[in-house]
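Asker:
Laid out in structure tokens, this is it:
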């Protein structure tokens, strides 16, 4: 998916094109659906976990309140 976004071709261009491409190829979504939506593709491309970055200490356990960014610990995975 990332390659389709960074190296567009005449058949697949942009987020909507990627969603259509995955749908037409029959690639199932995480939940097994057969139709990809552009918002899902966009969220995946923006999710740092997909490029190997994970933030530890981002949330505390009391009510899932967010910790301040300076307290986050970036980990490579």
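Residue numbers (our numbering): 15 to 91. In this text, a Cβ means the ideal position worked out from N, Cα and C, and glycines have one as well.
Considering only DSSP beta bridges, list what residue 16 is partnered with.
Answerer: Counting from one through the chain shown, the residue named residue 16 turns up at place 2. In the DSSP output, where bridge partners are listed per residue, residue 16 has none listed.
Asker: Quick one, are the C-beta atoms of residue 54 and residue 37 less than 8 Å apart?
Answerer: Taking the first residue of the chain shown as 1, we reach residue 54 at position 40. Taking the first residue of the chain shown as 1, we reach residue 37 at position 23. No, these two residues do not count as a Cβ contact at 8 Å.
Asker: Would you decide whether residue 92 is buried or exposed? Buried here means 16 or more other CB atoms lie within 10 Å of its CB.
Answerer: Beyond the ends of the chain as shown, which are 15 and 91, falls residue 92; an answer cannot be given.
Asker: Measure the C-alpha to C-alpha separation of residue 30 and residue 69 and round it to an integer number of angstroms.
Answerer: Position 16 of the chain shown, counted from the start, is the residue given in the question as residue 30. Position 55 of the chain shown, counted from the start, is the residue given in the question as residue 69. Using only the alpha carbons, I get a separation of about 29 Å.
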